[in-house]
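Reviewing the structure listed below.
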């Protein structure tokens with residue numbers, strides 16, 4: 233499924249295109265990226281992130297698809313933005329990923345798109361999230377899920393995240409598609425994109441003050 237374009241990635245990509253997420257000059261990592269639409273789009277912004285690290289499960293087929301997307305996108309990467317593509321399994325050692333960041337103190341932004349339905353993996357996903365998200369008041373995680381993911385499954389992840397020190401805010405619920413870039417390959421018009429967007433929920437997470445350095 234790493235070569236499929238799912239609704240949560242469309243929602244987050246629209247937020248990126250509209251520059252509603254503060255990404256300029258920041259360090260970003262996407263876990264379980266699949267097609268990596270949100271993180272790849274961020275690399276093309278006029279004022280891009282400093283570093284974008286795109287990860288997925290270290291399987292040859294999955295990573296070949298992902299690396300192909302990164303390569304095809306490379307001519308469009310804005311100057312000053314470094315892009316890395318790395319295989320990573322949730323819950324495993326994050327030392328290599330942290331070594332890519334200045335001072336190895338974590339990422340300003342962690343993106344989780346359409347991952348909450350892996351309910352048996354919430355513990356390892358949260359372990360990676362909390363190990364990678366920089367201990368800073370400005371650090372954020374953006375989490376999106378399709379409404380096909382049962383509410384109790386999403387709630388379980390959010391509750392466990394709160395126990396780990398993350399405070400959640402609901403993302404804006406706006407079913408109208410407000411992006412302007414063409415979405416190629418899916419055959420979707422503006423109305424259909426709005427329907428896909430409306431099929432999602434999303435959250436913005438930050439550290440509880442008690443967990444900051």
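Residue numbers (the working numbering): 233 to 445.
Glycine residues also receive a C-beta, built at the ideal position from the N, C-alpha and C atoms.
Note that the coordinates shown come from a computational prediction; the quantities given were computed from them, not determined experimentally.
Is the Cβ-Cβ distance between residue i and residue j less than 9 Å?
i           : j           : result
residue 315 : residue 263 : no
residue 392 : residue 354 : yes
residue 283 : residue 326 : no
residue 363 : residue 328 : no
residue 285 : residue 317 : yes
residue 442 : residue 397 : yes
residue 323 : residue 289 : no
residue 244 : residue 269 : yes
residue 255 : residue 280 : yes
residue 345 : residue 376 : yes
residue 436 : residue 373 : yes
In terms of residues, what are the limits of the alpha helix (DSSP H) holding residue i?
i           : result
residue 355 : 354-364
residue 256 : Where residue 256 is concerned, there is no enclosing alpha helix (DSSP H), given that its DSSP letter is neither H nor E.
residue 384 : 383-395
residue 245 : 239-249
State the Cα-Cα distance for the pair residue i and residue j, rounded to the nearest angstrom.
i           : j           : result
residue 233 : residue 242 : Residue placement at residue 233 cannot be trusted, given a pLDDT of 36 that sits under 50; the coordinates are not used to answer.
residue 370 : residue 259 : 12 Å
residue 249 : residue 338 : 24 Å
residue 336 : residue 367 : 11 Å
residue 226 : residue 405 : Residue numbering for the chain in the displayed model covers 233 to 445; residue 226 lies beyond these limits and cannot be assessed.
residue 257 : residue 275 : 11 Å
residue 444 : residue 388 : 23 Å
residue 292 : residue 300 : 12 Å
residue 401 : residue 246 : 18 Å
residue 399 : residue 359 : 16 Å
residue 407 : residue 379 : 13 Å
residue 384 : residue 311 : 43 Å
residue 431 : residue 266 : 19 Å
So the beta strand (DSSP E) residue i belongs to, where does it begin and stop?
i           : result
residue 329 : No beta strand (DSSP E) contains residue 329, which is instead part of the alpha helix (DSSP H) from 327-331.
Problem set entry | Minimum length 3: unbroken beta strand (DSSP E) runs contained in the stretch 275-316 | Counting whole runs of 3 or more residues, the stretch 275-316 contains the beta strand (DSSP E) stretches 283-288.
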